[in-house]
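Colleague: Just dropping this structure here.
There are 6 protein chains.
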Amino acid sequence: MTHGKAPTARSTLVITAHAGDFVWRAGGAVALASSRGEKVTIACLTYGERGESARAWREGRKLAEIKEMRRTEAEAAAQVLGAEVRFLDAGDYPLSVTPELTDRLVRIYRDTRPDVVLTHPRDDPYNGDHPAAARMALDARVLAQAVGYPSDGEVIGAPPVFLFEPHQPEMCGFRPEVLLDITPVWDTKRAAMERLATQQHLWEYYTDLGRRRGVQLRRNAGPNLGLPHTTYGEAYMRPYPQVTEVLA
Amino acid sequence: MTHGKAPTARSTLVITAHAGDFVWRAGGAVALASSRGEKVTIACLTYGERGESARAWREGRKLAEIKEMRRTEAEAAAQVLGAEVRFLDAGDYPLSVTPELTDRLVRIYRDTRPDVVLTHPRDDPYNGDHPAAARMALDARVLAQAVGYPSDGEVIGAPPVFLFEPHQPEMCGFRPEVLLDITPVWDTKRAAMERLATQQHLWEYYTDLGRRRGVQLRRNAGPNLGLPHTTYGEAYMRPYPQVTEVLA
Amino acid sequence: MTHGKAPTARSTLVITAHAGDFVWRAGGAVALASSRGEKVTIACLTYGERGESARAWREGRKLAEIKEMRRTEAEAAAQVLGAEVRFLDAGDYPLSVTPELTDRLVRIYRDTRPDVVLTHPRDDPYNGDHPAAARMALDARVLAQAVGYPSDGEVIGAPPVFLFEPHQPEMCGFRPEVLLDITPVWDTKRAAMERLATQQHLWEYYTDLGRRRGVQLRRNAGPNLGLPHTTYGEAYMRPYPQVTEVLA
Amino acid sequence: MTHGKAPTARSTLVITAHAGDFVWRAGGAVALASSRGEKVTIACLTYGERGESARAWREGRKLAEIKEMRRTEAEAAAQVLGAEVRFLDAGDYPLSVTPELTDRLVRIYRDTRPDVVLTHPRDDPYNGDHPAAARMALDARVLAQAVGYPSDGEVIGAPPVFLFEPHQPEMCGFRPEVLLDITPVWDTKRAAMERLATQQHLWEYYTDLGRRRGVQLRRNAGPNLGLPHTTYGEAYMRPYPQVTEVLA
Amino acid sequence: MTHGKAPTARSTLVITAHAGDFVWRAGGAVALASSRGEKVTIACLTYGERGESARAWREGRKLAEIKEMRRTEAEAAAQVLGAEVRFLDAGDYPLSVTPELTDRLVRIYRDTRPDVVLTHPRDDPYNGDHPAAARMALDARVLAQAVGYPSDGEVIGAPPVFLFEPHQPEMCGFRPEVLLDITPVWDTKRAAMERLATQQHLWEYYTDLGRRRGVQLRRNAGPNLGLPHTTYGEAYMRPYPQVTEVLA
Amino acid sequence: MTHGKAPTARSTLVITAHAGDFVWRAGGAVALASSRGEKVTIACLTYGERGESARAWREGRKLAEIKEMRRTEAEAAAQVLGAEVRFLDAGDYPLSVTPELTDRLVRIYRDTRPDVVLTHPRDDPYNGDHPAAARMALDARVLAQAVGYPSDGEVIGAPPVFLFEPHQPEMCGFRPEVLLDITPVWDTKRAAMERLATQQHLWEYYTDLGRRRGVQLRRNAGPNLGLPHTTYGEAYMRPYPQVTEVLA
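See the structure below:
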């Protein structure tokens, strides 16, 4: 949509439940935006200190130590991807939906003024923190648009939202509606994944997934493409309709 | 998707059950593509001679005469929109799904080699011809991709498909997934509608719908848009995932 | 809807796959309409001679004999309920969807001019004949409305449709949307069931069901009701919206 | 359902999130009931002071002033429709689901003893206050039926519930299940809409919608109707089965 | 799944909203497990003192008395079935979802270490306590698996979950996915039902249901079965995939 | 279900659209059954000669030659798995649903008398042959149960049906409901895959899938399992309820 709009640096806001989510699920989108010179802000509601740090707990580490490990790793990964990460430290497992936490997200919306928002799908029978994060991310986006909502900053527009792929898509009602070609930044995404040492068992898993979504992308791509032999992809759903000037 | 592809004129294929469908439901998309210098081909499976020509029947006209009226009107509307229309004259009310008719569509796919395909949604409790057309359009697209399918012409790629809006969207499971900004070609779409004299009662109805989808488009559009005060839109669904290089 | 309409005798059309369906699934609705002096016509597409006459086959009876038995029983049940039954003898197990059979139903629509239509739900994994009957019943209703459809008789309006309850509702996506109070005609429905000697094992089953739907009816009924202690009910779905002058 | 019930004045309870909802979405139903001499009570959970008063905020008005404006307008509209309105002033954007607010609704149920309940649908991705209101309205109805629930007043029966149409029906899973003919009170509904000066931009929008639902009503209405040329309608869903003595 | 596992006594955990639920909905499963020498623990979140004790309230009894009655009955029924019952006394109508109550369930999971979990389906428009219980039961199961969750006891595995049948299955999206043959323990289940004197009106209702699920079980059972003439069944859904070594 | 049944060799029937489907999608189930000494029959409706033999067509081979290649490969794979394969040679791309072909499947049901049936899911937007095969497989199973259906052989019982995993599960509404542990026969499945030389590009793809379903199986498996480090799995859906004597 470009009816006379002045060129401004695009801003992407990623809202996640845990410290690693933005890497596995949206690292390609983040790296692509960053590689185009755009600003990307990641709001991590928790460090994933209880629910996604099993190995550290088994090694006998303490809560504060684990939070510090997850924070350090996530910051390193964000740096590789070219993004800024903000931690809300709201406590995970369970992450609770509250008006206060939703309000903190409204402030981040009004501060970062995103052109694009990424978050979790609204259903996940394996991890209740993910739907909780999604609900607050979507509610806060609506509140941030209201001139009557009492928060610092100017009201925002209605940025499109993309729901990234959960760990077990078929169990979460996830259907790929958008396949993003992340081939040009694949090495960057892989490098970011390797910063997450506490979840090393997922490196190959998400490399495989990237390759499979790439195959699906090729199968669904229009004709006359000069796609390289190996293509990497990420899948997304749209909770709101796409607005476009061209069908393609 | 632009990995080194050679610039070629884009081709759009619209497959409809009846002679008027391409105007009411996709006239904006057709006019936009045409205004960009692209080729648009409309495959009308029937003239809508029985199911959508009630006034003519009440005036006592005969079948051949009605088909001729609908054909003349549709050709005039297509000319306004800048598209070519082909009539398959398969007989409406009911339109039956057959391998022979599907095969005729395969030939049209291989002949027109579309970059984009538009057709009806797969469900409509008010008009069984629409789902029948959709099913043949989608089946033929898959068959046309197979090197083993015995038909003239080269196999095609996997062009994206857009399902246009039915007359009663809520009753057909239709949810707007893509909102196309047709403001720049609105006058052209309106002029094409006015070529369909036998369905004059629909002119205002679809003008209203265009305006409402335009309002929804503004509500869902990203921030910082310089959209004009009155925006016109058309709504579409995607049966296959979108393939993209940028989330927007 | 009574804006100045002239009083005419209401007509109900019931379209079923097999000879017994109208008794088990809609016998109460038929008896109620009949008791109000209305006309009820039952179009049985088949006798259920292959798929629902297991005992007769096990007893060594022949096809023609079984069809005769089922016809005689169904006519007796229809007489008890006060309805006329017409057999199309299209052959069951499987009942196939064809344009010819659909056309025969169009003629019956134009002949009986129903104010209300009853038929099967559109899904049933235990008996493919039921969805086939539903599809032809719904398609024929739309065709009979079209002035351009070549069949005897005048075009009809858009009578409301009610889908009656299948044998295994949860497996067919059936959700009670309308609960009909059949208490005043319960004895008539039971008497009609007892005319179906070849399916005696179902008498108690459908008596239980009538009682359970009656309990649910009481639970959902508005306040201040003077309902009798034992209430009998039948459940229906609506594929089209209800049109009304009062919400109740 | 009239088995021997004594004639009493019917009572309708409308539960909405914001001050304007009962006019746009159910003004016809309210005016119809009132015109039949029935009692209608509207429970507004909030004034819509933050989420639906954008113009007033942009004009620099204060919270208390905006609430007063919305209250005055809503009372004027309710008077036109012939209904009583009660404000719970629970605070909007966000409206939170709490046991205390639900309990206040239980008291209103037991006080007004409704024969019919109207509220929002259970899903709305554009406004989280609407599903919150719906959830409390439906929960309170169940609690008010329980003799063991500690609240003033007698337990109520199980009044039928109608969910009125949201602003963007396709995005909220809304499918018209009931079309109410509001032609006789259309002028009253339009007059009530015109009392809502702060939302003047919606007057034409909801006039158009009334006309479109009227067209759909005619298309779905049974035969032999003497409907006037222009018909106005409102659409509703039923979360519970309809209980009836006649299929129509 | 028997890859070298040491034989240990299996443990079943049943989590219900009210004191009677485990008898009506899962009494057969409980009795079967108990008859095999397995341990069954029932966690009743409330006594059902407000929402499911209408007769006692009408007889003028007090809250404490009703809770005592329900407790005594439930303990007697559990004894018949061979199970232990634990009451959390969290208060019903409404039962609220809270982190504190969820945490109490986590402790019970880690204490009982279940091989199988039974609870309510996630939707019920007639009783909000049931979905609230289901949500806490499912959330607590996930939390109890996390080594980082701070609660006594060892982390548990991922026991399969079965959702038992609600009172009005079609209205709750309930589809039988598992039919359990409870014929061998039917008399025990009936005896347990008869311990619930305050809900005597349900004895025959659930006897009928057991018989109907038994008929459906026979209809879906594989060939070559030597099933007795009268079979009793209970229906369940699986929210997670079944894990198996053989398809049967 | 073992109420006194005499031990007989179990029989499995696999009905597929194309020659390779039984290997990729159900090779583990076939090999497991065979390894237990059971009989497995595969009914291939077509050779997949047009739709799934792209490389052969590009190499310039003729129809008869391609069918012969596919047949030879499939027979070799079936031999590795220990199954018998029958080819119906009905012609693919498109495979049409006909009463004649359905009748041929009825004969195979009555001849093989399966205890378990495996086939495709009912929806697949990428390949219309798969839903066509599924529909005929499910219809024929119902017809084969009817004593009145005129075909050789005795009527069959109601064997459970498992729908195997499609190539793009999220696009076909596929949700894993059953995870089969195929670790003990993984080498056999891999060997069978390697017999399908014309589809060599799928070997690694389905090896990866087997590993991923194995990971999911471990995550969903009950506690106390002695599962090996690497587990392989296959996913299935159940269109009919499971019948069981124990919840596990």
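Residue numbers (my numbering), protein chains in the order written: chain A, 187 to 434; chain B, 187 to 434; chain C, 187 to 434; chain D, 187 to 434; chain E, 187 to 434; chain F, 187 to 434. Glycine included, each C-beta is placed from N, C-alpha and C at the ideal position.
When DSSP labels each residue in this structure, what does D:F273 get in the three-state scheme?
Modeller: Looking at D:F273 - three-state DSSP - the assignment turns out to be strand.
Colleague: Skipping 5 residues on each side, what residues in its chain have a beta carbon closer than 6 angstroms to that of D:V292?
Modeller: A326, L329, A330 and S337, listed in sequence order.
Colleague: Checking 8 angstroms against the spacing of the C-beta atoms, do B:F348 and B:L304 come in under that value?
Modeller: The answer is yes: Cβ separation under 8 angstroms.
Colleague: Quick check on C:R405 - is its C-beta less than 8 angstroms from some C-beta in chain D?
Modeller: At least one chain D Cβ lies under 8 angstroms of C:R405.
Colleague: B:H204 and B:T232: beta carbons closer than 8 angstroms?
Modeller: In contact: B:H204 and B:T232 (Cβ atoms closer than 8 angstroms).
Colleague: Using Cβ-Cβ distances below 9 angstroms, what residues of the region 361 to 393 of chain A are close to chain D?
Modeller: Listed by position, the residues of the region 361 to 393 of chain A near chain D (Cβ gap below 9 angstroms) amount to none.
Colleague: Are the region 296 to 312 of chain C and the region 195 to 203 of chain C touching, with three or more C-beta to C-beta distances below 8 angstroms?
Modeller: The region 296 to 312 of chain C vs the region 195 to 203 of chain C: in contact.
Colleague: Within 8 angstroms (strictly less), CB to CB, does F:P427 reach chain E?
Modeller: It does: the Cβ of F:P427 has a partner Cβ on chain E nearer than 8 angstroms.
Colleague: Run through the region 202 to 238 of chain C for me and flag every whole beta strand (DSSP E) of 3 or more residues, listed as ranges in chain order.
Modeller: Correct list: 225 to 230.
Colleague: Taking 8 angstroms as the CB-CB limit, is B:G334 close to chain F?
Modeller: By this cut-off, B:G334 is an interface position.
Colleague: Sort E:P346, E:Y391, E:R222 and E:R236 by Cα distance to E:R256 and report the nearest one.
Modeller: Nearest option by C-alpha distance: E:R236.
Colleague: Could you tell me if A:Q354 is buried or exposed, where buried requires 16 or more neighbouring beta carbons within 10 angstroms of its beta carbon?
Modeller: Its Cβ being crowded by 16 or more others within 10 Å, A:Q354 is buried.
Colleague: Just how far apart, CA to CA, sit F:T416 and A:Y312?
Modeller: Each residue's alpha carbon lies about 22 angstroms from the other.
Colleague: Start and end of the alpha helix (DSSP H) containing C:D325?
Modeller: Run containing C:D325: D315 to A330, per the alpha helix (DSSP H) assignment.
Colleague: If contact means a Cβ-Cβ distance below 7 angstroms, which residues of the region 241 to 275 of chain B contact chain C?
Modeller: Under the 7 angstroms Cβ criterion, the region 241 to 275 of chain B contributes W243 and R244.
Colleague: Return the bridge partner residues of B:S197 from the DSSP annotation.
Modeller: DSSP lists B:K225 as partners of B:S197.
Colleague: Take D:A318 as the anchor and find which of D:I342, D:R290, D:D289 and D:L281 has the nearest alpha-carbon.
Modeller: Taking only the C-alpha atoms, the option nearest D:A318 is D:L281.
Colleague: I'd like to check one pair, D:F350 with D:A195: are the Cβ atoms closer than 8 angstroms?
Modeller: No, Cβ-Cβ distance for D:A195 and D:F350 is not below 8 angstroms.
Colleague: Contact criterion: CB-CB distance below 8 angstroms. Does C:P307 meet it with respect to chain B?
Modeller: Not closer than 8 angstroms to any Cβ of chain B, the Cβ of C:P307 fails to qualify, so no.
Colleague: How should C:T384 be labelled, buried or exposed, when 16 other C-beta atoms within 10 angstroms of its C-beta is the threshold for buried?
Modeller: C:T384 is buried by the Cβ-count criterion.
Colleague: If you run the structure through DSSP and keep just helix, strand and coil, what is E:Q428?
Modeller: It is a strand residue.
Colleague: Taking 8 angstroms as the CB-CB limit, is D:E356 close to chain B?
Modeller: Taking Cβ atoms only, chain B reaches closer than 8 angstroms to D:E356, which makes this a yes.
Colleague: Thinking C-beta only, is F:V364 closer than 8 angstroms to E:P345?
Modeller: For E:P345 and F:V364, no; Cβs fall outside 8 angstroms.
Colleague: By the 10 Å Cβ neighbour count, where 16 or more other Cβ atoms means buried, how is C:K248 classified, buried or exposed?
Modeller: Exposed, because fewer than 16 other Cβ atoms sit within 10 Å of the Cβ of C:K248.
Colleague: Quick one: is B:A192 buried, meaning 16 or more other Cβ sit within 10 Å of its Cβ, or exposed?
Modeller: Bear in mind that the predicted position of B:A192 carries a pLDDT of just 46, short of 50, making it unreliable; the figure below should be weighed with that in mind. The residue in question, B:A192, is exposed, as its Cβ has fewer than 16 Cβ neighbours within 10 Å.
Colleague: Using a Cβ-Cβ distance under 8 angstroms, would E:L304 count as near chain A?
Modeller: Closer than 8 angstroms: no.
Colleague: Distance, Cα to Cα, B:D373 vs F:E356?
Modeller: Roughly 41 angstroms separates the two Cα atoms.
Colleague: Could you pull the DSSP bridge partners for D:Y392 from this structure?
Modeller: Paired residue(s): none; D:Y392 is not in a bridge.
Colleague: Does DSSP classify F:N410 as helix, strand or coil?
Modeller: Confidence is the limiting factor: at F:N410 the pLDDT is only 42, short of 50, which leaves the residue's position unreliable and the question unanswerable from this model.
Colleague: For D:Y295, does the three-state DSSP call read helix, strand or coil?
Modeller: The answer is helix: DSSP assigns D:Y295 an H, G or I state.
Colleague: Please state whether DSSP places A:L281 in a helix, a strand or coil.
Modeller: Reduced to three states, the DSSP call for A:L281 is coil.
Colleague: When the Cα atoms are used, what is the spatial distance from B:E245 to B:K253?
Modeller: Distance between the alpha carbons of B:E245 and B:K253: 14 angstroms.
Colleague: For E:N406, which residues in the same chain have their Cβ closer than 8 angstroms to its Cβ, ignoring the five residues on either side in sequence?
Modeller: Result list for E:N406: L365, in chain order.
Colleague: Alpha carbon to alpha carbon, what distance is there between E:V283 and D:D289?
Modeller: Between D:D289 and E:V283, the C-alpha separation is close to 16 angstroms.
Colleague: Is DSSP giving F:V266 helix, strand or coil here?
Modeller: Three-state DSSP puts F:V266 in a helix.
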